[in-house]
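Below is one structure; the comments refer to it alone.
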Amino acid sequence: MSQHDRAPAGRLGHLWPERRKTFHRAMMLALLLSVSAPQTSRAEDAPNPLCAACHMPDGNSTNPKFPKLAGLNTTYITKQIMDFKNTKRVEEIMSSMAGRITEQEAVVMAEFYSKQKRTPGTVTNPALAAQGQLIYDQGIDSSAVPACTGCHETDGSGSRKIPNLAGQHTYYLIMQLKNFRNGLRNNDGRMRAVAKRMTDQEIAAVAEYITGLKGE
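Residue numbers for the sequence shown, in the working numbering: 1047 to 1262.
So, in structure tokens, the structure goes:
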């Protein structure tokens, strides 16, 4: 599920707003056409083409704007799809796609992607990742930011309702933390409260570290 609610400043921040709108509209049109076209019945152990267009058949997105779904818990994926469907979470492409998915279809998709093996992430800034490890393991006392391990486990694997973060795209992690912080994403009050107390530097550091975690 695309959660690219807004792009943070950085290497993709130079794109003109109109170009981003054009990209979103083109993607939406292509995906809508795939939904409306006649399709043969799909086995439950096969990827859904609607999701695969952005997230890849095995759930390991190669575009850092789209999250890796592989290895996410069924409960978590289903909740996110239904939050998009019920406007508890809003993003142009995903909100449109989720509106055409039933809850049962969401569960089938979620079960498929939960069984896929996530590809490892790549740390590009070891020094920054080292700063992030301190935050992830110990939190930030001065701003009352709790350790990430309390919910996401030491290896980033999460739990039934807590997402597996290990190996996720750094860019995507940064974007979601900033969206929690500025209120663009508000379907998790706990994460909003945590992100509000983090600086850009702290967000970048912890995201860089999480990308290198191996999970289960």
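For every residue, glycine included, the Cβ atom is placed at its ideal position computed from N, Cα and C.
Can you tell me whether Val1191 is helix, strand or coil according to DSSP?
strand
Neighbourhood of Ala1083 by C-beta distance below 7 Å, restricted to the same chain and skipping five residues each side
Legend: pLDDT at Ala1083 = 40, less than 50; position of this residue unreliable, no value from coordinates given.
Determine contact between the stretch 1137-1155 and the stretch 1181-1189, defined as no fewer than three beta-carbon pairs at a distance below 8 Å.
no
Counting Cβ pairs, one atom from each stretch, are 3 or more of them under 8 Å apart for the stretch 1209-1217 and the stretch 1245-1262?
yes
Near Phe1130, what residues of its chain come up, given a Cβ to Cβ distance below 6 Å and the 5 sequence neighbours on each side ignored?
Met1140, Ser1141, Ala1144
Can you list, in chain order, the residues of its chain with a C-beta nearer than 7 Å to that of Asn1232? Leave out the 5 residues immediately preceding and following it.
Arg1238
What residue range does the alpha helix (DSSP H) around His1101 cover?
1095-1101
Just mark Lys1114 as buried or exposed, buried being the case when its beta carbon has 16 or more other beta carbons within 10 Å.
buried
How would you label Gln1247, buried or exposed, when you count the other beta carbons within 10 angstroms and need 16 or more for buried?
exposed
Which residues DSSP lists as bridging Ile1186, in chain order:
Val1191
Alpha-carbon to alpha-carbon, Met1221 and Leu1180
20 Å
Label Gly1204 either buried or exposed according to how many other C-beta atoms from any shown protein chain fall within 10 Å of its C-beta, with 16 as the threshold for buried.
buried
Check for me: the alpha helix (DSSP H) holding Ser1141 runs from which residue to which?
1138-1144
Using only CA atoms, which one of Ile1127, Gln1126, Lys1125, Met1102 lies nearest to Ala1116?
Met1102
Apart from the five residues just before and just after Pro1118, which ones in its own chain have a Cβ nearer than 7 Å to its Cβ?
Sequence inspection shows Leu at residue 1118; the Pro mentioned does not correspond to that position. Same-chain partners within the cutoff: Tyr1159, Ser1160, Pro1209, Asn1210.
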